[in-house]
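Below is one structure; the comments refer to it alone.
There are 2 protein chains.
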Amino acid sequence: MLDKPGVTESLARFVVATRWEDIPSEVAHQAKRSLMNFFAVALAGCRTSPVEMALRSLAEFSGGKQATLIGRRECIDALSAAFLNAAGANVHDFCDTHLRTVIHPTAPVAPALLALAELQRVSGRDLLLALILGNEVQARIGLAISPSHYGRGWHITSTCGVFGAAAGSGKLVALDEGQMVWALGAAATQSSGLCECLGTPAKSLSVGGAARNGLWSALLAKQGFDGPGEPLTGVQGFYHALNETADLPVVTNGLGESWEIMATSYKPYPCGFVIHPVLDCVLDFRRDHPNAEVTRVLVRGNPLLSMRTDRPDVSTGRESQVSVQHAVAAALATGKAGLDQFTDACVRDPAVLALRGKVQILRDNAFSTIAAAVDITTADGVVHKLSQAAARGSDVNPLSDVNLETKLKVAAAGWDRGYDAAPLIDAIGALDKSADVSRLASLAVPH
Amino acid sequence: MLDKPGVTESLARFVVATRWEDIPSEVAHQAKRSLMNFFAVALAGCRTSPVEMALRSLAEFSGGKQATLIGRRECIDALSAAFLNAAGANVHDFCDTHLRTVIHPTAPVAPALLALAELQRVSGRDLLLALILGNEVQARIGLAISPSHYGRGWHITSTCGVFGAAAGSGKLVALDEGQMVWALGAAATQSSGLCECLGTPAKSLSVGGAARNGLWSALLAKQGFDGPGEPLTGVQGFYHALNETADLPVVTNGLGESWEIMATSYKPYPCGFVIHPVLDCVLDFRRDHPNAEVTRVLVRGNPLLSMRTDRPDVSTGRESQVSVQHAVAAALATGKAGLDQFTDACVRDPAVLALRGKVQILRDNAFSTIAAAVDITTADGVVHKLSQAAARGSDVNPLSDVNLETKLKVAAAGWDRGYDAAPLIDAIGALDKSADVSRLASLAVPH
Chain X
10 MLDKPGVTES LARFVVATRW EDIPSEVAHQ AKRSLMNFFA VALAGCRTSP
60 VEMALRSLAE FSGGKQATLI GRRECIDALS AAFLNAAGAN VHDFCDTHLR
110 TVIHPTAPVA PALLALAELQ RVSGRDLLLA LILGNEVQAR IGLAISPSHY
160 GRGWHITSTC GVFGAAAGSG KLVALDEGQM VWALGAAATQ SSGLCECLGT
210 PAKSLSVGGA ARNGLWSALL AKQGFDGPGE PLTGVQGFYH ALNETADLPV
260 VTNGLGESWE IMATSYKPYP CGFVIHPVLD CVLDFRRDHP NAEVTRVLVR
310 GNPLLSMRTD RPDVSTGRES QVSVQHAVAA ALATGKAGLD QFTDACVRDP
360 AVLALRGKVQ ILRDNAFSTI AAAVDITTAD GVVHKLSQAA ARGSDVNPLS
410 DVNLETKLKV AAAGWDRGYD AAPLIDAIGA LDKSADVSRL ASLAVPH
Chain E
10 MLDKPGVTES LARFVVATRW EDIPSEVAHQ AKRSLMNFFA VALAGCRTSP
60 VEMALRSLAE FSGGKQATLI GRRECIDALS AAFLNAAGAN VHDFCDTHLR
110 TVIHPTAPVA PALLALAELQ RVSGRDLLLA LILGNEVQAR IGLAISPSHY
160 GRGWHITSTC GVFGAAAGSG KLVALDEGQM VWALGAAATQ SSGLCECLGT
210 PAKSLSVGGA ARNGLWSALL AKQGFDGPGE PLTGVQGFYH ALNETADLPV
260 VTNGLGESWE IMATSYKPYP CGFVIHPVLD CVLDFRRDHP NAEVTRVLVR
310 GNPLLSMRTD RPDVSTGRES QVSVQHAVAA ALATGKAGLD QFTDACVRDP
360 AVLALRGKVQ ILRDNAFSTI AAAVDITTAD GVVHKLSQAA ARGSDVNPLS
410 DVNLETKLKV AAAGWDRGYD AAPLIDAIGA LDKSADVSRL ASLAVPH
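These protein sequence lines are chains X and E, in that order. Going by my numbering, the final residue of the first sequence carries number 456, and the count climbs one at a time with no gaps. Going by my numbering, the final residue of the second sequence carries number 456, and the count climbs one at a time with no gaps.
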C-alpha cells in the first residue's frame, strides 16, 4: 500500500483489527453502563404508539420468529427486531448522549447486535467490543461535521447511527477490511433522518432504520455485496453530498487511543439537559421538606436555560420536556422527575398547574449549562437556598452504576410491576464472562 | 384555511384530489409507455448479481409470499418485492429518464404499486393514475433543487423516488390529505442515496429502498403513523437539511395543468445518452452495408460527447457504457447496440478491439447533444457520410410504441427464450380497461 489509506479504509482497518484485549477496562465497563441505560430506555419505550404501529405493520411482512422484542412477548425477524428495538429505545428523550455530537449512540447500535446474537453465537465480550467499536465509528464520523450537520436539520443519531450499526454488526459477522468498507458504503447510501420529525412518530423511522439498515449492510457485505472504495470522502460520497467541510483528521486521529464512549452521558430525568441541575435542587428540597407548601420558586441559570426552556404555558407531555416551569412544578408536586412527570396527564394536573405559575427564571452568565441555583420560598416565609454546580448525569458528575440500575428498575416497574429486573441487571454486569448472549434480550421480556 | 397551504400540503391535496377523469389521454398513454419500458428493464435486470444477493438475504427475514418478483419464480413479502423489483429495473443504465432532473422515474414507483396491487384490489386506471401522480410528485420535488442536488452527489432517483413511491402508494390506499402529508414526511426522513455508489451493487440499496420505504410510508400513514406538518420546507425539513435554495414555486405551480411524465425519455441503447445519435448513424450504416470492411470512423458531435465518452481504452462492460469508441466498434462488429454489446465479454472481443482503434472523435459546437455526424470509410475507399439531427429516444424523436414493445421483447428473449411477451404487452396496452391488475406482474414470470 503506497498511498495513505482513505478515511473509510482507516476506520474499517481499525474495526477489523481491534481485539477485546485492546479495550481498556474502564471502556469495557462504560459499555456495560451504556447497555444498562439502553435496556432502561427500551423498556420505557417498548409499548409506545410508534412501536405498536410499526410492529403491526412489519408483522404483516415478516417471516421468522428470529429475534426478541424488548419488553414484549412477540418475536419477529432480525431486521425488524433491530428496527423496533431501536425505535422504542429512542421514543422518549431519555437515551444516552454523546454530548459533542448530540448523538444518542446506543439506540441504533445495540439492537442490531442483539438481533445478530440470536442468529449466531456471540459472546459477551464480542457484544461489548462490537458496541464500543460501533459507537466509536459513528461518533467520529459525526464529530467531523459537528455541530453544523445537526444544526441544519439532520437527525445525527440516525444519519451517523447507521454507520455504527454497520460497523458493530460487521465486527460480529467477522467482515474483512474490504467487506467492512462495503458495509460502511452500504450504510452511507442508506443514511437518512430529519430533525423536522422530532416530536412525532416519524422520528422512529430513521432511528429504527439506522439499526435495521446498518445490520443489513453488514450482512450483505459478508455475502460479497460490494460498494465504492471511499464512500465517506469520495467525490460523490457522504461528506460531499452533505456539502460539509468535514474535519477529516477527527475521524481517524488517535483511533484506539481515546474512546468516545467515555464521553457518553446518561440522563437521570427524561427532559432537556439544561433543566437537570434545577431538578437536582428541587428534588433535594422536596426530599428534605416533603410536605412544605411552596409559594415562590426563583431559578437562576445559564442563559441557555431560559432561551431553551422558559415555557410557562405548555399543553402536552412532549412540550413539557422543554419547560423548566413545568419540570419544577411537577417535581414539587410529586417529588419525582421520571417519565410520569412528563405526560399529558401531568401537564393538566391542577396541583402542577398551580405551582407552575410560581416559578420565575433569571439569566446569569456566572452559571455553566450544568449548574443552577434555586431559591424556594415556603408558606412560613423561609427562603430555602439550593444550588447545584454540576448536574447529576453530566460528564463531571456521572450517574453511578447504582443510579443506572435504578433507572432500569424504575423503567421496568413502570411497564410491568410483576417483572423482576435483577436477572437482566446481573447479566449485563457479568457480560464479559458470558460465552453466549443469545438470551440477553429475552431477560427483558415479561413472563 | 386562512394561510396559504404549505408546499407539502399542496402536493398532498393535489394527489388526493386528482381523479382518472382529470388525466389527459396522452398522459395516460405515456404512463403505459413508461410501464412497457419498466418491464423491459426489469426483465433485463432481474437475474443480475445485486438482485440475487439481496434476494438471498431478504428471503431469510421475509414472511409472506405476497408479491411477485418480475422475471423470477420466487415470491416474497410486498415490501421486499418492491425493493427487489426496483433494484433490478435500475441495475442497467437503461431506465426511462426525466431529463431535466435525470431522475429515472418509474423504477422506484411502479414496483411499490405492483406490490400493493397484490395486497388489495387495484384497477388498471388506479395503477396508471398512481404512477402518473407519483411521477409528478418526485419530479417536481427534484426540479426545485436541480441540477445542484444531483451535482453534489445525491442519487436523485433514490432521494426523490421515495416521495414518488409514497405518493403513488398513498393514492392507491386512499390516504386523506393529512395522511398524505404524513406519508411524504415519512418518505423525507428515509430519503437517501449517493452517486458514489453508481457502478456498484450498493446503488441498488437506495433505489430499492426508495420503493420499499415509500410503500411503507403510505401503509404507515394509513394506520395513523403521523409526522411533521411541513416535512419539505420546515425549518429542519428536507430542503433545509440539504442546504439547498429550493425553487419552491416549481413544486406547486401549474399542478394538474402540465405533466412531467410527458418529459420522460426512453433509451433505445443501454449506454450514455450522448452516444445515442452516433449509434443511430452507425447502425443505419451497418444495416445498409452488412459486410463492408470499415477502415476508419470519424465522429463529430457536441463537446459533451468527447468530454464524457472519449474513452478509447475501457476494460469492463460498465465502463463501456460511457465509451463512444467501444459503442461504435461493438455496433459495427455486431450490427446491434443492446445489453450484449456492453458486457465484459464484448469489451474483450478481438473484432471489437480491432475496430475500436479506428474511431476518432471531433468536437463541434454546431451539434446539439442529441445530434452527431459520422463519416465511415470502407476498404474500397468510399467515405459514407451519415448524420442524425435528433437521436432516437430523445424528446423530439421519441421511441414509438412499437419500439418500446420491441425493447421489452428483446429484453425478455435475452432472459428466457421460451417466454412469450405478448400477453404482458397486451395487458399493458389494455390497462385502462382492466378491473384488477393483481396478475400483471406475474405475466412477467417464466412458466
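Ideal Cβ placement from N, Cα and C applies to all residues, glycine included.
With which residues is residue i paired in a DSSP beta bridge?
| i | result |
| --- | --- |
| Val-368/X | Val-306/X |
| Val-392/X | Thr-386/X |
| Trp-163/E | Leu-203/E |
| Leu-464/E | Residue 464/E lies beyond the range of chain E shown here (10 to 456); nothing can be said about it. |
| Cys-84/E | Thr-77/E |
| Asp-406/X | Before going on, a small fix: residue 406/X reads as Asn here, not Asp. Asn-406/X pairs with Ser-403/X. |
Under 7 Å Cβ to Cβ from residue i, same chain only, skipping five residues before and after it: list those, please.
| i | result |
| --- | --- |
| Asp-441/E | Ala-37, Gly-133, Arg-134, Leu-137 |
| Leu-364/E | Val-303, Ala-338, Leu-341, Ala-342 |
| Pro-432/X | Leu-452 |
Would residue i and residue j be called neighbours here (beta carbons separated by less than 8 Å)?
| i | j | result |
| --- | --- | --- |
| Gly-236/X | Thr-209/E | yes |
| Ala-400/X | Ala-220/X | no |
| Val-323/X | Ala-342/X | no |
| Gly-194/E | Gly-246/X | no |
| Gly-218/E | His-164/E | no |
| Leu-128/X | Ala-87/X | yes |
| Thr-17/E | Leu-184/E | no |
| Gly-151/E | Lys-276/E | no |
| Arg-295/X | Gly-366/X | no |
| Met-327/X | Gly-281/X | First, the residue type needs correcting, since residue 327/X is Arg and not Met in the sequence shown. Against a cut-off of 8 Å, the Cβ pair of Gly-281/X and Arg-327/X comes out as no contact. |
| Glu-186/X | Arg-28/X | no |
| Ser-274/E | Leu-108/E | yes |
| Val-146/X | Phe-172/X | yes |
| Ala-90/E | Pro-120/E | yes |
| Phe-70/E | Gly-177/X | no |
| Val-50/X | Phe-92/X | no |
| Ala-7/X | Val-287/X | An answer regarding residue 7/X cannot be provided, because it is not within the stretch 10 to 456 covered by chain X. |
| Ala-53/X | Leu-313/X | no |
| Ala-346/X | Leu-292/X | yes |
If you drop the 5 nearest sequence neighbours on each side, which residues of the same chain put their C-beta closer than 6 Å to that of residue i?
| i | result |
| --- | --- |
| Ala-339/X | Gln-350, Cys-355, Val-361 |
| Gly-438/X | none |
| Asp-319/X | Ile-370 |
| Gly-179/E | Met-189, Ala-192, Ala-227 |
| Cys-290/X | Val-383, Leu-395, Gln-397 |
| Ser-447/X | Ala-126, Glu-127 |
| Val-182/E | Ala-227, Lys-231 |
| Arg-357/E | none |
Within the same chain, show all residues whose beta-carbon is closer than 8 Å to that of residue i, passing over the 5 residues directly before and after it, in chain order.
| i | result |
| --- | --- |
| Gln-369/X | Arg-305, Val-306, Leu-307, Val-308 |
| Ile-434/E | Met-45, Glu-414, Leu-417, Lys-418 |
| Val-454/E | Thr-77, Leu-78, Ile-79, Gly-80, Arg-81, Arg-82 |
| Asp-256/E | Leu-152, Ala-153, Ile-154 |
| Leu-11/E | Low local confidence applies: a pLDDT of 46 at Leu-11/E is under 50, so the model's placement there is unreliable, with the coordinate-based value given in what follows. Nothing listed; no residue qualifies. |
| His-285/X | Lys-276, Pro-277, Tyr-278, Ile-379, Ala-400, Arg-401, Gly-402, Ser-403 |
| Pro-14/X | Arg-22 |
Tell me where the alpha helix (DSSP H) around residue i begins and ends.
| i | result |
| --- | --- |
| Thr-415/X | 410-424 |
| Ile-385/E | Run containing Ile-385/E: none in the alpha helix (DSSP H); it sits in the beta strand (DSSP E), 381-387. |
| Cys-355/E | 353-357 |
| Val-337/X | 333-343 |
| Ala-196/X | 186-197 |
| Leu-108/E | Where Leu-108/E is concerned, there is no enclosing alpha helix (DSSP H), given that its DSSP letter is neither H nor E. |
| Lys-231/E | 212-232 |
| Arg-474/E | There is no way to answer for residue 474/E, as the model of chain E reaches only from 10 to 456. |
| Asn-46/X | 34-54 |
| Ile-437/X | 431-438 |
| Thr-318/X | 312-318 |
| Phe-294/E | 285-297 |
| Phe-147/X | Looking at the sequence provided, one finds Gln at residue 147/X rather than Phe. Run containing Gln-147/X: 133-152, per the alpha helix (DSSP H) assignment. |
### Message
At a CB distance below 7 Å, what residues from the segment 311-324 of chain E approach chain B? Give them in sequence order.
### Response
This model lacks chain B altogether, as its protein chains are X and E.
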